[in-house]
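J.: Mind having a look at this structure? Questions to follow.
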Amino acid sequence: MSRGLAILGATGSIGCSTLEIVDAYPDRFRVVSLTGGRNLRRLAEQVRRYRPRMVAVLGMEDADRLRAELGGDCPEIGYGEEGMVRCATADEADLVVSAIVGSAGLVPTLRAIEAGKDVALANKETLVAAGPVVMRAVRENGVRLYPVDSEHSAIFQALQGQQGNTIRRIILTASGGPFRDWPLEKLRQVTREQALDHPNWSMGPKITIDSATMMNKGLEVIEASWLFGLEADRIAVHIHPQSIVHSMVEYLDGSVIAQMGVPDMKAPIAYALAYPERLELPMPHLDLCRLGQLTFQQPDPDRFACLALAYRALELGGTAPAVLNAANEVAVAAFLREEVGFLDIPELIREALERHEVGRLTTVDDALAADRWGRQEVRKLMLERGSERL
Ligand code: NAD
Ligand code: MG
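Residue 398 in our numbering sits at position 386 of the sequence shown; the count goes up by one each step and never skips.
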């Protein structure tokens, strides 16, 4: 029997890579539902090609446009959160690929878990915003949560066969992004185009900016803490510019198990889709001799303040990570619109966190309320700053 996939965020970078794996293994996987955002043309192409039972888009007008584009031969089209949830919980879906960007992915992912679906999770913001809620739902519903993020897939792979509680710490690797060695003063001048030009990975715009600020690694530290049940002091970050070692587990006996490969998201996606099997992929050999060397260095907390902010939010706990994530989403969107500078991103997040009174986070409503608070606070901060400049 083939595995039925619901792909949330199908038109994005992870969504398209997932569909490439479906193309290579049409007997193993069938597409049950797809969701998209702004790129309706791509979604229409995907619908024609994969013939899902159901699709969902952002708004009612998008649904009308997609219906017009597809003509008579059209699946059920939903919209908004309700439509996304229907796609995520579709009866025939065995595995939900959660690849919406940002906390917009939270509710559909959570509803999928509650409906008993296994989840391949790319959408790290879901775990950052609502880690305790999501992990409790995973336990209560007896579903599997497979990491898609390459670092977490690496850890997951390095943990295979592990017995009992034998982890000393995990080490997440980070490329350091395009500004790895830039001095702080130069970072102030970074443009949108420079920040969007990542040296090793081709990804959606939000995560590309997160990689340049290193907030991506900060979000991944929080993601790892939930996925693997580790406190902040047992999660280290090493900068590794070649992006060959995708992450490592250090065990109590001092052994360190690393997972390596050429940087291509299809490998961790395929591992999540086919676990515990490994699919043959048309991947180039990893030629370590040609690479010559793999290097590692400590991240500089002064130049990459976002990483330290994420550790602080994780240590504060409760609603703090949800506020961190929401503040980051708004600040990054403003940077992409060229309304704030590169170093304003950590400054806005720091101010929002400082103003936040950390509360308990035990329900999805707590997470959504903290998310809303973080968004509003950064918008308010940007307005205040704008009026100061006048
Ligand atoms: P992307 O921007 O390329 O795609 C995002 C997808 O979400 C698109 O389908 C878009 O239409 C949809 N979307 C956007 N806003 C939405 C909203 N408000 N409601 C519903 N759908 C919406 O992003 P991506 O690079 O594919 O990343 C997706 C997720 O995977 C992110 O959480 C990212 O952190 C994570 N991730 C990505 C990579 C990568 O290599 N791209 C690696 C690791 C983790
Ligand atoms: Mg990653």
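Think of the CB as a built atom: it goes at the ideal place given N, C-alpha and C, for glycine as much as any other residue. Keep in mind it's a predicted model, so treat the numbers as computed, not measured.
Opposite Glu81 in the DSSP bridges: which residues?
T.: What you label residue 81 is simply residue 69 of the sequence shown in a count that begins at 1. Answer is none; Glu81 lacks a bridge partner.
J.: From the DSSP secondary-structure annotation, give me the bridge partner or partners of Tyr158.
T.: Counting from one through the sequence shown, the residue named residue 158 turns up at place 146. DSSP, once it has assigned bridges, lists Ala132 as partnering Tyr158.
J.: Could you tell me which residues DSSP pairs with Gln309 in its beta bridges?
T.: For the purposes of this step, residue 309 is identified with residue 297 of the sequence shown, where counting begins at 1. Answer is Ile251, bridged to Gln309.
J.: For ligand 1, is there a heavy atom less than 7 angstroms away from the beta-carbon of Arg50?
T.: Reading the sequence shown from its first residue, position 38 is the one you call residue 50. Yes - ligand 1 has a heavy atom lying nearer than 7 angstroms to the Cβ of Arg50.
J.: According to DSSP, is Met272 helix, strand or coil?
T.: The residue you call residue 272 lines up with position 260 of the sequence shown. Correct three-state label for Met272: strand.
J.: For ligand 2, list every residue whose C-beta falls under 7 angstroms from any of its heavy atoms, going in chain order.
T.: Cβ atoms closer than 7 angstroms to ligand 2 belong to Asp161, Ser162, Glu163, Asn228 and Glu232.
J.: Is there contact between the region 278-296 and the region 179-188, where contact requires at least three CB pairs shorter than 8 angstroms?
T.: Output reads no: the region 179-188 does not touch the region 278-296.
J.: Assuming the contact rule is C-beta atoms closer than 8 angstroms, Ser25 and Ser214 should be a hit. Round their C-beta distance to whole Å, please.
T.: Here residue 25 refers to the residue found at position 13 of the sequence shown. Here residue 214 refers to the residue found at position 202 of the sequence shown. So it is a contact: roughly 7 angstroms between Cβ atoms.
J.: Report yes or no: do three or more beta-carbon pairs, one from the region 352-362 and one from the region 386-400, lie closer than 8 angstroms?
T.: Touching, yes, given that three or more Cβ pairs across the two stretches are closer than 8 angstroms.
J.: For Thr203, name the three-state secondary structure that DSSP assigns.
T.: Your numbering for residue 203 matches position 191 in the sequence shown. DSSP places Thr203 in coil when its eight states are reduced to three.
J.: Quick one: using the 10 Å Cβ neighbour count with 16 as the cut-off for buried, is Cys318 buried or exposed?
T.: Numbered from 1 along the sequence shown, position 306 holds the residue referred to as residue 318. Buried, since its Cβ has 16 or more Cβ neighbours within 10 Å.
J.: Quick one: Cα of Leu133 to Cα of Ala236, how far?
T.: Start at 1 with the first residue of the sequence shown, and residue 133 comes out as number 121. Start at 1 with the first residue of the sequence shown, and residue 236 comes out as number 224. Whole-angstrom Cα-Cα distance: 12 angstroms.
J.: So Ile361 is in the alpha helix (DSSP H); what residue range does that whole segment cover?
T.: Indexing the sequence shown from 1 puts residue 361 at position 349. Here the alpha helix (DSSP H) through Ile361 covers Asp356 to Arg367.
J.: Compare the C-alpha of Arg60 against each of Arg50, Gly83, Asp39 and Ser110 and name the closest.
T.: Position 48 of the sequence shown, counting from 1, holds the residue named residue 60. Residue Gly83 is the option with its Cα nearest to Arg60.
J.: Determine, using beta carbons only, whether Ile167 and Phe240 come nearer to each other than 8 angstroms.
T.: Position 155 of the sequence shown, counted from the start, is the residue given in the question as residue 167. Position 228 of the sequence shown, counted from the start, is the residue given in the question as residue 240. Yes, the Cβ-Cβ distance between Ile167 and Phe240 is below 8 angstroms.
J.: How would you call Ala382, buried or exposed, if buried means at least 16 neighbouring beta carbons within 10 angstroms?
T.: Counting from one through the sequence shown, the residue named residue 382 turns up at place 370. The residue is buried, with at least 16 neighbouring Cβ atoms inside 10 Å.
J.: Note down, in chain order, each residue of its chain lying with its Cβ closer than 7 angstroms to the Cβ of Val257, except the 5 sequence neighbours on either side.
T.: For this step, residue 257 is matched to residue 245 along the sequence shown. Answer for Val257: Thr185, Ala270, Met272 and Leu306, listed in chain order.
J.: Between Ala322 and the rest of its own chain, which residues show a CB-CB distance below 7 angstroms, the 5 nearest in sequence each way excluded?
T.: Translated into the one-based positions of the sequence shown, residue 322 becomes position 310. Correct list, in chain order: Met227, Gly230, Leu231, Val233, Ile234 and Leu336.
J.: With a cut-off of 8 angstroms on the beta carbons, I'd call Arg15 and Leu52 a contact; round off their distance for me.
T.: Counting from 1 along the sequence shown, the entry for residue 15 is found at position 3. Counting from 1 along the sequence shown, the entry for residue 52 is found at position 40. Contact flag wrong, Cβ pair sits at about 27 angstroms.
J.: According to the Cβ coordinates, are Cys86 and Thr47 closer than 8 angstroms?
T.: Position 74 of the sequence shown, counting from 1, holds the residue named residue 86. Position 35 of the sequence shown, counting from 1, holds the residue named residue 47. For Cys86 and Thr47, no; Cβs fall outside 8 angstroms.
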